[in-house]
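Chains as they are written, first to last, in the numbering used here: chain F, 1 to 283; chain V, 284 to 557.
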């Protein structure tokens, strides 16, 4: 559960857990987080918490509310945000995802009103309804099997269609690249292709001979539409070329590309739609 | 030109890089223009039971109930209304079956599944969805999200509580407000859209839409349009390159040719002899 740590001049005063849907911050005693200081308005700000997300809203205070040094009216709080009210600081911590393992946490779950076991589970339109309740879909410890009921055995579970094996992404060896990031991309967190060295292709024959093309996009198509087209994909572990359309495959260093993606190495020669081109990493 | 020829389709499902099993399930009947995708949840392996039941019950049920030959004799409006009714019926049937199974089998208690499906006929496409599995449409250079998630996040967006930028940071991404098989009845959202030649329809689970930005999906669809099999491969690969935290499924349908029903006796006669 998310929490706030109240401090002034680096001195920690108190820790609050955001367990309520609406947490009031202000000078007057009825506030959930009371800050007895004249710079703080009677009801200064409110924090609205919906499951794992919290928002802070300034309630029209005299001296305003800052988050990370910027005045805000409403703000979607992120882990480690610092809320400033006068000289007081409230640091926001939300480590919910770390508590459960990442995989468990991201499992899709249904949220609904458990009281409504009956028909039509219409979604709760009123956003902040207090009765909105999270019901993780874990199997309940077996309720006594319906005694002797004929249907208690063998779930009529049809075998789910067998998933196709993924197109072996690591099939191609990472090209030897000095000072390149290890091909093992981080297991989570976006690993954008930004970490890959810049590369380009240069046309060697035909009318466009001498022209170069920077491979900045994740996908770059080369060739003649309707005749022969290939795509060069920029991935965390390097560049790959794949045939897209055309009756015959382009060639890579003289051999046919085939239907599978092939890794590109520095100074590889590609021939597509009769045009030769070279792939190389920028110096 | 049969429906299966007019529509070029490719699909792929992948467990991703974190989960050890795949709770997504896809099934299609290209000859009647039917594509179904489900993302199961709950229990140990019950999620895939729910999604497997949903896809197989709905495809089998519709294959029996939806006879394109017979439907061709109806007016276009009648056909649309029938498609909507039959889809609703089959979803209700699947819902009852999943719900009953989960009630009677402790190991399946609480299972459920999201659903997105499309039925193509006579230049229209009927789209049904429950939960956060999506259908995108690429027309020209513009990609639109045709379905609107039944999720907490979407409700927050609708009510203006958060902005689309903030939504990307939300930790409530995985909460759906509707699912198949959770309650005795379910309300599916069904709409009928006009299709155009060269449209691309992408059905996907949240393992794709959460891991790959819409803009990247759009660029991939545009760039690799001519090769649906490669497109789905590339989309799944992008999701895996970005972490692959959930099961990833993508079904792509490209309207290669118009698939209108021949009307007028001459056209019908020609169609009869083709």
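By construction, the Cβ of each residue, glycine as well, lies at the ideal position given by its N, Cα and C atoms.
Considering residue i, what are the terminal residues of the alpha helix (DSSP H) in which it resides?
| i | result |
| --- | --- |
| residue 496 of chain V | Neither: residue 496 of chain V is in no alpha helix (DSSP H) and is coded neither H nor E. |
| residue 344 of chain V | 329-348 |
| residue 384 of chain V | 359-387 |
| residue 450 of chain V | 447-450 |
| residue 436 of chain V | 435-441 |
| residue 71 of chain F | It is not in any alpha helix (DSSP H) - residue 71 of chain F instead sits in the beta strand (DSSP E) that spans 70-72. |
| residue 429 of chain V | Premise fails: residue 429 of chain V is in no alpha helix (DSSP H) and is neither H nor E. |
| residue 287 of chain V | 286-289 |
| residue 353 of chain V | 351-354 |
With a threshold of 9 angstroms between beta carbons, is residue i in contact with chain F?
| i | result |
| --- | --- |
| residue 536 of chain V | no |
| residue 426 of chain V | no |
| residue 529 of chain V | yes |
| residue 324 of chain V | yes |
| residue 314 of chain V | no |
| residue 415 of chain V | yes |
| residue 430 of chain V | no |
| residue 457 of chain V | yes |
| residue 243 of chain V | This structure gives no information on residue 243 of chain V, because the portion of chain V shown stretches from 284 to 557. |
| residue 435 of chain V | yes |
Compute the Euclidean distance between the alpha carbons of residue i and residue j, then round it to the nearest angstrom.
| i | j | result |
| --- | --- | --- |
| residue 493 of chain V | residue 247 of chain F | 35 angstroms |
| residue 532 of chain V | residue 515 of chain V | 9 angstroms |
| residue 347 of chain V | residue 48 of chain F | 50 angstroms |
| residue 95 of chain F | residue 5 of chain F | 14 angstroms |
| residue 464 of chain V | residue 23 of chain F | 36 angstroms |
| residue 313 of chain V | residue 291 of chain V | 9 angstroms |
| residue 641 of chain V | residue 305 of chain V | Not covered by the structure: residue 641 of chain V. The range shown for chain V is 284 to 557. |
| residue 362 of chain V | residue 43 of chain F | 60 angstroms |
| residue 231 of chain F | residue 506 of chain V | 8 angstroms |
| residue 237 of chain F | residue 200 of chain F | 16 angstroms |
| residue 60 of chain F | residue 41 of chain F | 9 angstroms |
| residue 500 of chain V | residue 382 of chain V | 34 angstroms |
| residue 340 of chain V | residue 302 of chain V | 25 angstroms |
| residue 364 of chain V | residue 490 of chain V | 32 angstroms |
| residue 539 of chain V | residue 319 of chain V | 20 angstroms |
| residue 535 of chain V | residue 360 of chain V | 26 angstroms |
| residue 336 of chain V | residue 321 of chain V | 9 angstroms |
| residue 395 of chain V | residue 373 of chain V | 16 angstroms |
| residue 413 of chain V | residue 472 of chain V | 7 angstroms |
| residue 543 of chain V | residue 316 of chain V | 12 angstroms |
| residue 517 of chain V | residue 295 of chain V | 10 angstroms |
Return no unless some Cβ of chain V is closer than 9 angstroms to the Cβ of residue i.
| i | result |
| --- | --- |
| residue 123 of chain F | Confidence at residue 123 of chain F is low in this model, with a pLDDT of 40, below 50, so its placement is unreliable and no value can be given for it. |
| residue 68 of chain F | no |
| residue 233 of chain F | yes |
| residue 80 of chain F | no |
| residue 141 of chain F | Note that residue 141 of chain F scores a pLDDT of 41, beneath 50, so its modelled location is shaky; the value from the coordinates is reported in the next line. By this cut-off, residue 141 of chain F is an interface position. |
| residue 105 of chain F | In this prediction, residue 105 of chain F has a pLDDT of 47, which is less than 50 and means its spatial position is unreliable; what the coordinates show is noted afterwards. Chain V contact via Cβ: present. |
| residue 53 of chain F | yes |
| residue 5 of chain F | no |
| residue 111 of chain F | yes |
| residue 108 of chain F | yes |
| residue 93 of chain F | no |
| residue 147 of chain F | At residue 147 of chain F, the pLDDT of 40 sits below 50, so the modelled position is not reliable; the number obtained from the coordinates is stated separately. So no, residue 147 of chain F is outside the interface. |
| residue 283 of chain F | no |
| residue 71 of chain F | no |
How far does the beta strand (DSSP E) with residue i in it reach, from first residue to last?
| i | result |
| --- | --- |
| residue 314 of chain V | Note, residue 314 of chain V: premise wrong, no beta strand (DSSP E); not H, not E. |
| residue 422 of chain V | 417-422 |
| residue 7 of chain F | 3-8 |
| residue 408 of chain V | 407-413 |
| residue 30 of chain F | Run containing residue 30 of chain F: none; DSSP gives neither H nor E here. |
| residue 62 of chain F | Note, residue 62 of chain F: premise wrong, no beta strand (DSSP E); not H, not E. |
| residue 401 of chain V | 395-404 |
| residue 303 of chain V | Premise fails: residue 303 of chain V is in no beta strand (DSSP E) and is neither H nor E. |
| residue 21 of chain F | Element bounds for residue 21 of chain F: n/a, residue is neither H nor E. |
| residue 49 of chain F | 45-50 |
| residue 90 of chain F | 88-93 |
| residue 276 of chain F | 275-281 |
Say the cut is 8 angstroms; is the CB of residue i nearer than that to a heavy atom of the ligand PLP?
| i | result |
| --- | --- |
| residue 329 of chain V | No copy of the ligand PLP appears in this structure; indeed no ligand is present at all. |
Self-check item: Within 9 angstroms of chain V by C-beta, residues of the segment 208-230 of chain F in sequence order
Solution: Those would be 217, 218, 219, 220, 221, 225, 226, 229, in chain order.
Practice task
Below 7 angstroms between beta carbons is the criterion; list the residues of the segment 243-272 of chain F that meet it against any residue of chain V, in chain order.
Solution key: Flagged, chain order: 244, 245.
Any C-beta of chain F within less than 9 angstroms: which residues of the segment 459-474 of chain V qualify? Sequence-ordered contacts of the segment 459-474 of chain V with chain F read 459, 460, 461, 462, 465, 466, 467, 468, 469, 470 [C-beta pairs closer than 9 angstroms].
Handout entry: Residues, ordered as in the chain, of the segment 442-455 of chain V that lie near chain F by beta-carbon distance below 7 angstroms
Key = Result list: 442, 444, 445, 449, 452, 453, 454, 455.
Exercise for review: Any chance you could list the beta strand (DSSP E) runs of at least 3 consecutive residues sitting entirely within the segment 454-532 of chain V, in chain order?
Suggested key: Runs of the beta strand (DSSP E) lying entirely within the segment 454-532 of chain V, each at least 3 residues long, are 472-477, 483-487 in chain order.
Using a Cβ-Cβ cut-off of less than 9 angstroms, give me the residues of the segment 26-52 of chain F that come near chain V, in sequence order. For the segment 26-52 of chain F, residues whose beta-carbon sits nearer than 9 angstroms to a beta-carbon of chain V comprise 48, 50, 51, 52.
At which residue ranges does the segment 180-257 of chain F contain complete alpha helix (DSSP H) runs of 4 or more residues, listed in the order of the chain? With a minimum length of 4 residues, no continuous alpha helix (DSSP H) run stays inside the segment 180-257 of chain F.
- prompt: Using a beta-carbon distance cut-off of less than 8 angstroms, what residues from the segment 498-529 of chain V approach chain F?
  reply: Hits within the stretch, in order: 499, 502, 503, 506, 507, 509, 510, 513, 516, 517, 519, 520, 521, 523, 524, 525, 526, 528, 529.
- Residues in the segment 473-491 of chain V with C-beta within 8 angstroms of chain F's C-beta atoms, listed in sequence order? Going along the segment 473-491 of chain V in chain order, one finds 489 with a Cβ nearer than 8 angstroms to chain F.
Scan the segment 286-301 of chain V for residues whose Cβ lies nearer than 8 angstroms to a Cβ of chain F and list them as they occur along the chain.
Within the segment 286-301 of chain V, the residues whose Cβ lies closer than 8 angstroms to some Cβ of chain F are 295, 296, 297, 298, 300, 301, listed in chain order.
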